[in-house]
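Visitor: Residues in the sequence shown are numbered from 1054 upward in steps of one, following this note's numbering.
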Amino acid sequence: MLGSGFEAAVVRYNVLYVLVHAPRVPRGVRSQRRPGWTVVGRLDAAWQVSRGFGIRLPLVCFLLATVLVAAACYGWSWWRRRARPPFGRRLLLADLACSAASGTVPVLLGLV
(Lines of atoms letter the chains of each structure in order from A and count residues from 1; the text may use other names and numbers.)
(Lines give C-alpha, C1' and ligand atoms only; values in the text may rest on other atoms or scores of the structure.)
Protein backbone atom coordinates (compact mmCIF):
# COMPACT_ATOMS: atom_id res chain seq x y z
CA MET A 1 0.00 0.00 0.00
CA LEU A 2 1.07 3.53 -0.62
CA GLY A 3 1.48 5.76 2.40
CA SER A 4 0.22 5.33 5.90
CA GLY A 5 -2.19 7.14 8.13
CA PHE A 6 -5.61 8.62 7.73
CA GLU A 7 -4.88 10.88 4.74
CA ALA A 8 -3.36 8.06 2.72
CA ALA A 9 -6.34 5.84 3.49
CA VAL A 10 -8.74 8.54 2.29
CA VAL A 11 -6.76 9.01 -0.92
CA ARG A 12 -6.71 5.26 -1.57
CA TYR A 13 -10.46 5.03 -0.94
CA ASN A 14 -11.18 7.95 -3.28
CA VAL A 15 -9.02 6.54 -6.07
CA LEU A 16 -10.63 3.12 -5.69
CA TYR A 17 -14.10 4.66 -5.67
CA VAL A 18 -13.45 6.60 -8.88
CA LEU A 19 -11.94 3.58 -10.62
CA VAL A 20 -14.88 1.39 -9.66
CA HIS A 21 -17.67 3.83 -10.48
CA ALA A 22 -16.24 5.68 -13.49
CA PRO A 23 -16.95 2.85 -16.00
CA ARG A 24 -20.70 3.23 -15.28
CA VAL A 25 -20.83 6.27 -17.56
CA PRO A 26 -19.64 4.86 -20.88
CA ARG A 27 -20.77 7.60 -23.25
CA GLY A 28 -20.99 10.61 -20.94
CA VAL A 29 -23.61 13.09 -22.04
CA ARG A 30 -24.80 10.94 -24.92
CA SER A 31 -26.34 8.54 -22.41
CA GLN A 32 -29.16 11.02 -21.86
CA ARG A 33 -31.43 8.92 -24.07
CA ARG A 34 -31.20 6.17 -21.49
CA PRO A 35 -32.41 7.40 -18.12
CA GLY A 36 -31.34 4.12 -16.52
CA TRP A 37 -27.92 5.68 -15.88
CA THR A 38 -29.63 8.43 -13.92
CA VAL A 39 -31.46 5.86 -11.82
CA VAL A 40 -28.22 4.00 -11.08
CA GLY A 41 -26.43 7.23 -10.18
CA ARG A 42 -29.16 8.44 -7.85
CA LEU A 43 -29.45 5.08 -6.14
CA ASP A 44 -25.70 5.11 -5.67
CA ALA A 45 -25.98 8.56 -4.10
CA ALA A 46 -28.72 7.30 -1.77
CA TRP A 47 -26.48 4.42 -0.76
CA GLN A 48 -23.61 6.83 -0.08
CA VAL A 49 -25.85 8.95 2.14
CA SER A 50 -26.99 5.90 4.07
CA ARG A 51 -23.37 5.10 4.90
CA GLY A 52 -22.73 8.38 6.66
CA PHE A 53 -25.50 10.89 7.11
CA GLY A 54 -23.63 13.90 8.48
CA ILE A 55 -20.84 14.18 5.98
CA ARG A 56 -22.94 13.35 2.93
CA LEU A 57 -25.79 15.75 3.59
CA PRO A 58 -24.06 18.42 1.42
CA LEU A 59 -24.10 15.86 -1.41
CA VAL A 60 -27.86 15.58 -1.12
CA CYS A 61 -28.22 19.36 -1.11
CA PHE A 62 -26.00 19.65 -4.18
CA LEU A 63 -27.93 16.97 -6.06
CA LEU A 64 -31.23 18.62 -5.16
CA ALA A 65 -29.96 21.98 -6.42
CA THR A 66 -28.74 20.34 -9.63
CA VAL A 67 -32.14 18.77 -10.27
CA LEU A 68 -33.92 22.07 -9.62
CA VAL A 69 -31.63 23.93 -12.02
CA ALA A 70 -32.09 21.24 -14.68
CA ALA A 71 -35.88 21.38 -14.29
CA ALA A 72 -35.80 25.18 -14.51
CA CYS A 73 -33.69 25.05 -17.69
CA TYR A 74 -36.04 22.50 -19.20
CA GLY A 75 -39.10 24.57 -18.33
CA TRP A 76 -37.51 27.80 -19.54
CA SER A 77 -36.57 26.38 -22.93
CA TRP A 78 -39.99 24.80 -23.34
CA TRP A 79 -42.11 27.72 -22.11
CA ARG A 80 -40.23 30.83 -23.13
CA ARG A 81 -38.28 29.93 -26.20
CA ARG A 82 -40.53 27.16 -27.55
CA ALA A 83 -37.32 25.44 -28.53
CA ARG A 84 -36.20 21.90 -28.06
CA PRO A 85 -35.15 21.36 -24.44
CA PRO A 86 -31.48 20.58 -23.80
CA PHE A 87 -32.34 17.02 -22.73
CA GLY A 88 -35.22 14.61 -23.06
CA ARG A 89 -38.38 14.47 -20.99
CA ARG A 90 -37.69 10.88 -19.91
CA LEU A 91 -34.36 11.93 -18.43
CA LEU A 92 -35.97 14.81 -16.55
CA LEU A 93 -38.73 12.60 -15.14
CA ALA A 94 -36.25 9.90 -14.13
CA ASP A 95 -34.05 12.51 -12.48
CA LEU A 96 -36.95 14.05 -10.57
CA ALA A 97 -38.32 10.68 -9.44
CA CYS A 98 -34.96 9.32 -8.34
CA SER A 99 -34.08 12.56 -6.59
CA ALA A 100 -37.30 12.36 -4.62
CA ALA A 101 -36.54 8.75 -3.76
CA SER A 102 -32.93 9.44 -2.77
CA GLY A 103 -34.02 12.54 -0.88
CA THR A 104 -36.17 10.41 1.38
CA VAL A 105 -33.11 8.54 2.66
CA PRO A 106 -31.86 11.47 4.80
CA VAL A 107 -35.40 12.07 6.04
CA LEU A 108 -35.78 8.44 7.07
CA LEU A 109 -32.35 8.45 8.68
CA GLY A 110 -33.28 11.58 10.58
CA LEU A 111 -36.41 9.92 11.93
CA VAL A 112 -34.55 6.88 13.22
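For each residue, glycine too, the CB sits at the ideal point set by N, CA and C.
Can you name the start and end residues of the alpha helix (DSSP H) that G1141 belongs to?
Guide: Segment: none, G1141 is in no alpha helix (DSSP H) and carries neither H nor E.
Visitor: Identify, in the order they occur along the chain, each residue of the same chain with its Cβ nearer than 6 angstroms to the Cβ of A1136, setting aside the five sequence neighbours on each side.
Guide: The residues are S1130.
Visitor: Can you name the start and end residues of the alpha helix (DSSP H) that R1095 belongs to?
Guide: Taken as a continuous stretch (DSSP letters only), the alpha helix (DSSP H) holding R1095 covers G1089 to R1104.
Visitor: Any idea if D1097 is buried or exposed, counting beta-carbon neighbours within 10 angstroms, 16 or more meaning buried?
Guide: Counting Cβ neighbours within 10 Å, D1097 comes out exposed, since fewer than 16 surround it.
Visitor: Looking only at C-alpha atoms, which of G1056, L1162 and P1139 sits nearest to V1113?
Guide: For the residues G1056, L1162 and P1139, the minimum Cα distance to V1113 belongs to L1162.
Visitor: What does a CB cutoff of less than 7 angstroms around P1138 pick up in its chain, not counting 5 residues either side in sequence?
Guide: Hits under 7 angstroms: Y1127, S1130 and W1131.
Visitor: For L1149 and V1120, I'd like the C-alpha separation in whole angstroms.
Guide: Using only the alpha carbons, I get a separation of about 7 angstroms.
Visitor: DSSP on S1152, reduced to helix/strand/coil?
Guide: Of the three classes helix, strand and coil, the one that applies to S1152 here is helix, per DSSP.
Visitor: Taking buried to mean at least 16 other C-beta atoms within 10 Å of its own C-beta, is T1091 buried or exposed?
Guide: T1091 should be labelled buried.
Visitor: If you draw a straight line from the C-alpha of F1059 to the C-alpha of R1134, how long is it?
Guide: Cα to Cα, the separation comes out at about 52 angstroms.
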